[in-house]
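A quick write-up on the structure given underneath.
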Amino acid sequence: MVWDTSLLWQFDILILLMMVICAVAALALDGLISSAIVTGVYSFLICLMWTHMMAVDVAFTEAAVGAAISTVIFLGTAQYINRWIKADRPGEQGIKQITLVIAVICAVMMLAATRDLPDWADPASPASTHLSPGFIRQGYHETATPNVVTAVLADYRSYDTMFESVVVFAAALVVMVVLRHTSHKHRKVLRLRPKREGRDTVLRGAAQSIIPVMQIFALYVLCHGHYSPGGGFQGGVIFGASFILLALCYNLKFSMNRFREHAVLWCCAGGVLLYAGIGAVCLALGWNFLGYEALARFLGVTEVMARSHGILAVEVGVGITVMAVMVSLYYDLASGGDLEEGL
Amino acid sequence: MNLELFFIAMVVALLFLMLCNLYRVVAGPTVIDRMLGMNVIGIKTTVLIVLIGIIDGRVEMFIDITLAYALLNFITTIAAARFYQRIAQPAPPEPRESLTAPSAGPLVEEADAAAAEPDSEKEENK
Numbered sequence: 024m025v026w027d028t029s030l031l032w033q034f035d036i037l038i039l040l041m042m043v044i045c046a047v048a049a050l051a052l053d054g055l056i057s058s059a060i061v062t063g064v065y066s067f068l069i070c071l072m073w074t075h076m077m078a079v080d081v082a083f084t085e086a087a088v089g090a091a092i093s094t095v096i097f098l099g100t101a102q103y104i105n106r107w108i109k110a111d112r113p114g115e116q117g118i119k120q121i122t123l124v125i126a127v128i129c130a131v132m133m134l135a136a137t138r139d140l141p142d143w144a145d146p147a148s149p150a151s152t153h154l155s156p157g158f159i160r161q162g163y164h165e166t167a168t169p170n171v172v173t174a175v176l177a178d179y180r181s182y183d184t185m186f187e188s189v190v191v192f193a194a195a196l197v198v199m200v201v202l203r204h205t206s207h208k209h210r211k212v213l214r215l216r217p218k219r220e221g222r223d224t225v226l227r228g229a230a231q232s233i234i235p236v237m238q239i240f241a242l243y244v245l246c247h248g249h250y251s252p253g254g255g256f257q258g259g260v261i262f263g264a265s266f267i268l269l270a271l272c273y274n275l276k277f278s279m280n281r282f283r284e285h286a287v288l289w290c291c292a293g294g295v296l297l298y299a300g301i302g303a304v305c306l307a308l309g310w311n312f313l314g315y316e317a318l319a320r321f322l323g324v325t326e327v328m329a330r331s332h333g334i335l336a337v338e339v340g341v342g343i344t345v346m347a348v349m350v351s352l353y354y355d356l357a358s359g360g361d362l363e364e365g366l
Numbered sequence: 439m440n441l442e443l444f445f446i447a448m449v450v451a452l453l454f455l456m457l458c459n460l461y462r463v464v465a466g467p468t469v470i471d472r473m474l475g476m477n478v479i480g481i482k483t484t485v486l487i488v489l490i491g492i493i494d495g496r497v498e499m500f501i502d503i504t505l506a507y508a509l510l511n512f513i514t515t516i517a518a519a520r521f522y523q524r525i526a527q528p529a530p531p532e533p534r535e536s537l538t539a540p541s542a543g544p545l546v547e548e549a550d551a552a553a554a555e556p557d558s559e560k561e562e563n564k
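Protein chains in written order, with our numbering: chain A, 24 to 366; chain B, 439 to 564.
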């Protein structure tokens, strides 16, 4: 397919216009929930933009995180937050005006710099003349993975991905430490939270029928990442979302009986450990850290196929970590750290 | 070519409809309006992604994203509904230690107090 930048220019203009409206509205609206909802709309729009730019893997991640996780976590957190506006003290007005001037100057400079940026998919741009041709030409022959994004993510740049999953793991740890070991003096107290009334027949029936589909789809996304957009991050987020849905449709206790906190923590650490362990095994066999060719002898396949299998194993590790971290973040943030009752 | 033009026209029309929903999201007087607007925008996004896939001729790459949206899009709505369900419910009364079973009848002190109250009021009136 020949890329035609004139295709759908109306699309770009409309999407960008709506994104600017959303960005301004998210700041201008009062009410945390309204801002969270406008941010959710922004997530839809940016996903459309990335789809249009053919950045399909990125768009998939945004779809999974934006639709399922981020707004739910905002809502869960908003239960415990008081919001107030501090009145201006004398002299602060001037500082605000100076800030505005600085912001405008920076914006003008950045807009002026955009003229030097290459066009979308410009074949002469530095990004598509140095590394990309090598990955595109050799990626399939070296790793037997048709989706070049997966090959780059989990093979050529596997160190980056490993530490990304470490960062995700650290996020869950930090939320846990902060929420469980600080006094609740400053947060809105929801003592004696009312129990839910009613039987929620429709919600529970829908959850029962959709959660298995969701989990199978998550496993498909995880395992099919070699051939189509998707992979560990996206599959993990969708799998975690199924537990969040369970907690929303029943209650937090019900979900925690299915996926206990102990198991969540083991999965958080286990995924990262699996990733690093594969790297260490490769190192012990005399290859580079995360040099998957080392696994060829164990698996009884060629070195190219060993790299393909190594990518899959690493993606499973990422998926387990991301899934457990999403569930852990929901458990902690939606219950304010005491794990009694969520949203 | 004509069919492609048709799809492009459809995309642009859907985007204009999305702009109408965006007005409801930004201006909506209540949060419920905003939630509904966001839901409709999500559904339109699902359709638009398929349309972009058709125009680019690689629809099989985009189907997974739309499936993810179709499966996950309503979780936010349920969460918001739960949030308001919780905020709107009145807090239950504080449990009192001295409460007895309903079958036990009034406590002796309470009965005495009830009997004594009218007298005390009369005394005050005097």
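Quick reminder that beta carbons are idealized off the backbone N, C-alpha and C, glycines included.
* Reducing DSSP to helix, strand and coil, say where R496 of chain B ends up. => coil
* Would you mind giving the Cβ-Cβ distance between F500 of chain B and T74 of chain A, rounded to the nearest angstrom? I have them listed as a contact below 8 Å. => 7 Å
* To do: Please look up how many angstroms separate the CB atoms of E165 of chain A and V43 of chain A, rounded, as I've assumed it's under 8 Å.
  => 43 Å between Cβ atoms; not a contact.
* Meets three-Cβ-pair contact criterion under 8 Å: the stretch 335-343 of chain A and the stretch 293-307 of chain A -> yes
* Neighbour-count burial assignment, M476 of chain B, 16 or more Cβ in a 10 Å radius -> buried
* In terms of residues, what are the limits of the alpha helix (DSSP H) holding D367 of chain A? -> With chain A covering 24 to 366 only, the question about residue 367 of chain A has no answer from this structure.
* Asked: With contact counted as at least three CB pairs below 8 Å, one residue from each stretch, are the stretch 124-144 of chain A and the stretch 299-310 of chain A in contact?
  -> no
* **Endpoints, the alpha helix (DSSP H) within which P156 of chain A is located** => 155-166
* Assumed close pair T94 of chain A, T514 of chain B - CB separation to whole angstroms, cut-off 8 Å -> 4 Å
* Note down, in chain order, each residue of its chain lying with its Cβ closer than 7 Å to the Cβ of I239 of chain A, except the 5 sequence neighbours on either side. => none
* Asked: Since L362 of chain A contacts V198 of chain A with CB under 8 Å, what's their CB separation in whole angstroms?
  -> The Cβ separation is near 12 Å, so there is no contact.
* Report buried or exposed for P156 of chain A, applying the criterion of at least 16 other Cβ atoms within 10 angstroms of its Cβ. => exposed
* With a cut-off of 8 Å, does the C-beta of V464 of chain B fall near any C-beta of chain A? -> yes
* Asked: Residues of chain A with a CB under 9 Å from the CB of M499 of chain B: which are they?
  -> M77, V79, S251, P252
* To do: Taking F521 of chain B as the query, report the chain A residues whose CB atoms sit under 9 Å from its CB, ordered along the chain.
  => I56, L98, G99, A101, Q102, L366
* Asked: Can you list the residues of chain A that M476 of chain B reaches, using a CB-CB cut of under 7 Å?
  -> I60, G63, V64
* To do: Look at the Cβ atom of T168 of chain A, then the Cβ atom of S331 of chain A, and state whether they are nearer than 8 Å.
  => yes
* Min CB distance I470 of chain B to chain A below 8 Å -> no
* Evaluate H385 of chain A with the Cβ neighbour count: other Cβ atoms within 10 Å of its Cβ, from every protein chain shown; 16 or more gives buried, anything less gives exposed. => It is not possible to answer for residue 385 of chain A, since the shown part of chain A is limited to 24 through 366.
* Beta carbon of I92 of chain A nearer than 8 Å to that of A264 of chain A -> yes
* To do: Out of A:H204, A:A86, A:V350, A:V175, point me to the one whose CA is closest to N280 of chain A's CA.
  => A:V350
* **Same chain, Cβ closer than 7 Å to G63 of chain A, five either side skipped, listed in chain order** => G89, T94
* **Of the listed residues A:G259, A:G228, A:A229, nearest to Y243 of chain A (C-alpha basis)** => A:G259
* Asked: Cα-Cα, which of A:L268, A:G360, A:S148 is closest to H204 of chain A?
  -> A:G360
* **DSSP three-state assignment for G511 of chain B, whether helix, strand or coil** => Just to set this straight, residue 511 of chain B is Asn in the shown sequence, not Gly. Looking at N511 of chain B - three-state DSSP - the assignment turns out to be coil, as it is neither helix nor strand.
* Asked: Hey, does N511 of chain B have any beta-carbon neighbour from chain A nearer than 8 Å?
  -> yes
* **V485 of chain B: contacting residues in chain A (beta-carbon distance under 8 Å)** => None at all; the shortest Cβ gap to chain A is about 11 Å.
* **Proximal residues to N503 of chain B (C-beta, below 7 Å), its chain only, five neighbours per side dropped** => The amino acid at residue 503 of chain B is misidentified as Asn; the sequence shows Ile. So the list reads I487, once near-sequence residues are dropped.
* **At least three beta-carbon pairs within less than 8 Å, the stretch 245-254 of chain A to the stretch 169-178 of chain A** => yes
* To do: Using a Cβ-Cβ cut-off of less than 8 Å, list which residues of the stretch 252-273 of chain A approach chain B; keep chain order.
  => P252, G253, Q257, I261, A264, I267, L268, L271, C272
* Asked: Comparing alpha-carbon positions, which option in A:G99, A:Q33, A:M77, A:I36 lies nearest D60 of chain A?
  -> For the record, residue 60 of chain A in the displayed sequence is Ile; it is not Asp. It is A:G99 whose Cα lies nearest to the Cα of I60 of chain A.
* Asked: Do we get a CB-CB distance below 8 Å when we pair M237 of chain A with the residues of chain B?
  -> yes
* **Cβ-based neighbour list, C45 of chain A, same chain, cut-off 6 Å, excluding 5 preceding and 5 following** => V61, V64, Y65
* Residues of chain B with CB under 8 Å from I44 of chain A, in chain order? -> L460, V464
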